[in-house]
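Notes for the one structure printed next.
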Amino acid sequence: MSNDDLKKGFPASARTFEDFEASAKALGFDEALIREWAPMTVLDEHTHPFDANALVTQGEMWLSCGGNTRHLLPGDTFMVPTGTPHAERYGSQGATYWVARRNPR
Numbered sequence: 000m001s002n003d004d005l006k007k008g009f010p011a012s013a014r015t016f017e018d019f020e021a022s023a024k025a026l027g028f029d030e031a032l033i034r035e036w037a038p039m040t041v042l043d044e045h046t047h048p049f050d051a052n053a054l055v056t057q058g059e060m061w062l063s064c065g066g067n068t069r070h071l072l073p074g075d076t077f078m079v080p081t082g083t084p085h086a087e088r089y090g091s092q093g094a095t096y097w098v099a100r101r102n103p104r
């Protein structure tokens, strides 16, 4: 996955979680969640059995995938397709993001 692929994600126009969730469902995502991560959390490389499309709302994080790392701040979006190996690291304030998931059928 290229750095450009990591930059794709939901438009940052959602002002509330309810708006984000409605947009996600309209785009065919099954669920939307609020994920909160503690300061300095590190998740080693892993995969998910779903497509994830997210909007960072608080804090900061680093998303590494395919040799590229992206520093994400509030208002930034990202996507991780099903089965894509990636790692996550969260900053000194932790981070919160809204994530839409599309589960396999």
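Position 7 of the sequence shown, counting from 1, maps to 6 under numbering that gives the first Met the number 0, and the rest follow consecutively. Idealized CB from N, CA, C, for every residue including glycine.
- Between G66 and the set E44, A25, L26 and V98, the nearest pair of CA atoms involves E44.
- The beta carbon of D50 sits closer than 6 Å to the beta carbons of P80, T81 and R101 from its chain, once the five residues preceding and following it are set aside; these are given in chain order.
- Per DSSP, the unbroken alpha helix (DSSP H) holding A25 starts and ends at F16 to A25.
- Residue environment for T46: exposed (fewer than 16 other C-beta atoms within 10 angstroms of its C-beta).
- In this structure, V55 lies near P73, with their beta-carbon atoms less than 7 Å apart.
- A Cβ-Cβ distance of about 7 Å is found for the pair Y89 and P38, placing them in contact under the 8 Å criterion.
- A straight line joining the alpha-carbon of A31 with that of V98 spans about 5 Å.
- Judged by DSSP in its simplified three-state form, M60 adopts strand.
- DSSP, read as helix, strand or coil, puts H47 in coil.
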